[in-house]
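A.B. asks: Residue numbers (our numbering): 4 to 686.
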Amino acid sequence: MAPRSSRRVAVITRSTPLWRPSAARISNARITHYLRWLERTRGLAFPDYESLWQWSVDEIETFWETVWQYFEVRSHSPYERVLDRRVMPGAKWFQGATLNYAEHQLAFAERPDAASRPAIIFQSETSPRRELSWTSLSGQVGALRRCLQTLGVERGDRVVSYMPNIPESMIALLAASSLGAIWSSCSPDMGPVSVLDRFRQISPRVLFAVDGYRYNGKPIDRREVVRELVAQLPSVEAVVFVPYLDPGATFDTGPLPAGRQVEIVRAGDVLAHPEPPRFDPVPFDHPLWIVYSSGTTGMPKPIVHSHGGVVIENFKGICLHLDIGPDDRFFWYSSTSWIMWNLLVSTAATGCTVLMFDGNPGHPDLDTLWRFAERERATFFGTSPAFLGLCMKSGVDPASRFDLTALRALGSTGSPLTEEGFRWVYEHIKSDLHLASISGGTDPGSAFVGACPTLPVYAGEMQARGLGVATYAYDDAGNAIYDEVGELVCAQPIPSMPLYFWGDTDGRRYFESYFDVYPGVWRHGDWLKLITRPESVTAVIYGRSDSTINRYGIRMGTSELYRVVEDFAEVADSLVVDLEYLGRESFMALFVVRGAGSRAVPPELKGRLLDAIRVKLSARHVPNDVFAIAEVPRTISGKKMEVPVKKILLGHPAEKSANRDSMANPASIDWFIAFATSRESQR
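1. Is the stretch 258-267 in contact with the stretch 278-287, if contact means three or more CB pairs nearer than 8 Å?
2. Under 8 Å: do the stretch 306-326 and the stretch 495-514 share three or more Cβ pairs, one atom per stretch?
3. In terms of alpha-carbon separation, which member of 602, 89 and 536 lies closest to residue 61?
4. Determine the closest residue to residue 487 out of 478, 169 and 494, with distance taken between C-alpha atoms.
5. I need the straight-line Cα distance from residue 451 to residue 382, nearest angstrom please.
6. Apply the 10 Å Cβ neighbour rule to residue 188 and answer buried if 16 or more other Cβ atoms are within range, or exposed otherwise.
7. Report the partner residues of residue 286 according to the DSSP bridge assignment.
8. Would you say the stretch 366-385 touches the stretch 321-337, given that touching needs at least three Cβ pairs under 8 Å?
9. In terms of residue numbering, what span does the beta strand (DSSP E) encompassing residue 527 cover?
10. Start and end of the beta strand (DSSP E) containing residue 218?
11. Quick one: what's got a C-beta closer than 8 Å to residue 406's C-beta in the same chain, skipping five residues either side?
12. How is residue 495 classed by DSSP in three states: helix, strand or coil?
13. Out of 461, 272 and 657, which one is the CA nearest neighbour of residue 22?
14. Are residue 456 and residue 326 close, meaning C-beta to C-beta below 7 Å?
15. Under 7 Å between the Cβ atoms of residue 86 and residue 64?
16. Determine the burial state of residue 79: buried for a count of at least 16 other Cβ atoms within 10 Å of its Cβ, exposed for fewer.
17. Under the DSSP definition of a beta bridge, which residues are partnered with residue 134?
18. First and last residue of the alpha helix (DSSP H) that includes residue 461?
19. Consult DSSP for residue 427 and reduce its assignment to one of helix, strand or coil.
20. Within 10 Å of its beta-carbon, does residue 581 have 16 or more other beta-carbons around it, so buried, or fewer, so exposed?
21. If I follow the unbroken alpha helix (DSSP H) through residue 202, where does it start and stop?
22. In chain order, what residues of the same chain lie with their CB nearer than 8 Å to the CB of residue 634, ignoring the 5 residues before and after it?
23. Check whether the Cβ of residue 155 sits closer than 6 Å to any heavy atom of the ligand ZN, and report yes or no.
24. For residue 206, name the three-state secondary structure that DSSP assigns.
25. If you drop the 5 nearest sequence neighbours on each side, which residues of the same chain put their C-beta closer than 6 Å to that of residue 657?
26. Use the C-beta contact count for residue 288: other C-beta atoms within 10 angstroms, 16 or more gives buried, fewer gives exposed.
27. Just verifying my parser: in three-state terms, what is the DSSP assignment at residue 323?
28. Determine the direct distance from the alpha carbon of residue 601 to that of residue 105, and round the result to whole angstroms.
29. State the start and end residues of the unbroken beta strand (DSSP E) segment that holds residue 46.
30. Count the C-beta pairs between the stretch 159-174 and the stretch 190-200 that are closer than 8 Å, then say yes if the count reaches three, no if not.
31. Would you call the CB atoms of residue 291 and residue 209 closer than 7 Å?
32. Examine the Cβ distances between the stretch 172-179 and the stretch 218-234 and report whether three or more of them are shorter than 8 Å.
33. Where does residue 657 fall in DSSP's three states?
34. Which runs of the alpha helix (DSSP H) fall wholly inside the stretch 612-643 and span at least 4 residues, in chain order?
35. Check each candidate in 395, 339, 245 and 391 and name the one with the smallest Cα separation from residue 445.
36. How long is the line joining the alpha carbons of residue 548 and residue 621, rounded to whole angstroms?
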């Protein structure tokens, strides 16, 4: 569905770019090679990026077909058509085609020099550096695939992981996907409640797990958590155990109900016997993995992405937008719970070397990752605005302390990067650097707005809208607007959009998550401003437009916290809001109702609340502070008014944020108005 109207205002010319690519860089960029190929094979020529983008969303079938052809997607059977209908939800892409994600990830293992080229380089806080060649990676994937088959894993079975960002996690993903099993992952810093909220929904057959990990120099044993996961997941028939914290560690499941048996396999015994991998062709829309993005109510959303959608989107995004190729060394600091880990693994399809780091990026100091980038000659360094902001405030100066001559691009995502953050990158990391700030994420499996290596970088702005992604800012009436803030929407289907939510048999939850505001148009839940620049339409994300929490790049639902907090006898009701907004640090506030007459949160109760959240959910879920309130503002129908409260606390006019006539307890909003005024006066 195209936008109903498109009103542009005058082009903004007041800003000077922080960076412009050189003529040589533009000429050598992969997107430039793609443009030359389009002109040579299709007779298509585009004078600038914006005209290319417009064609890619007007002619989406032709555009995605050219991506398929240009990157020579390996299909074992031809597709009948690119797209059956331009509808959302329900678009069907490349019907008839069969392929396999893992086959594309290991394509470079077929090269004659595969044994001498590194596929993965891994480092943690304390463990020795490890390097796996393409030949070694391929052989270990083949060995683990054979193991999964021996354990009875079949196409469509769920294989889950409770492991950190280590080579074994990548090997396990590729082995599972090679035979058509469905992957899902939670990092071991997550507590059992959070993990079970996710894995219970998908009934996994095999669990990969480590004994523990090190963080901030401290060993953290997770075997008791793994035992709890096994006990609470009756579908698990086998555990593939990786002794990561202690190479000599052992694991047993503990007592199990009569008649239940769970096989324990040591991963090292399997990986010691490499064999060539095989790849089962699956339909384009066969499920590849299940990732989780928390909404505002209920359990985390188990989002299902497809083999084909991930393959074709990542060729476009990683190669054309991030400009990654076989000579690159690609690093993105991520846990295995974040979609950026999936992207990190997926860069292998380009033939680049995947750089992995596990541990605290601030241990023993904030130079750790920059030392890693220097030593491994990283060409692309991916991180979050939170890490960059911490480096900035701590006086870290990578440019003067490290040799970053190999580094040509820096990626940032997870939350908005401020103008100050942009400038700090160019002043303290490197002046000739492509700053690839992107936004999209877990749900679409794509970037709505992001990077282009042939465009200039303006402070605080993402360079362009993604090719093939019809991103707009909508006003309340569903009109496309420019140079003012609106709702981020996507007006056309893209191949990487979710197939469905696991267990959402009637599709209702999927529809309500994205399509219940603007019919036939994906509403993402972010505030977006599109800015008309001379070279392209740039973008600024201003934070969440709904009550979903974006905590240091990890999205989580308020319902997860409510289940923990309201389990306390001392808490009658609660409300949580995240005040993350462009230019401000994330501040998550928890408001609790303690009962009649109580207007304070005793330190002892506050400590127990925060500890429970940290243990049962994760450290990222822990609020910055806890406040006592008389009552939670609710609508007449009883819903907590999270979004109106959030708007008020971010400084929006109260009369435009909350409709008292629709409230069950209109006086309850006055406390938050006063609280917002008090906070603003303290800035």
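Don't be surprised by glycine CBs; every beta carbon is placed ideally from N, CA and C.
Bear in mind the structure is a predicted one, so any value in this text is a computation, not a measurement.
C.D. replies: In terms of the structure at hand:
1. no
2. yes
3. 89
4. 478
5. 24 Å
6. buried
7. 101
8. yes
9. 525-535
10. 215-218
11. 377
12. coil
13. 461
14. yes
15. yes
16. exposed
17. 124
18. No alpha helix (DSSP H) contains residue 461, which DSSP labels as neither H nor E.
19. helix
20. buried
21. 195-202
22. 576, 596, 668 and 671
23. Looking at this structure, you won't find the ligand ZN or any other ligand, since it has none at all.
24. coil
25. 651 and 676
26. buried
27. helix
28. 58 Å
29. Unbroken run through residue 46: none, as it is neither H nor E.
30. yes
31. no
32. no
33. helix
34. none
35. 339
36. 24 Å
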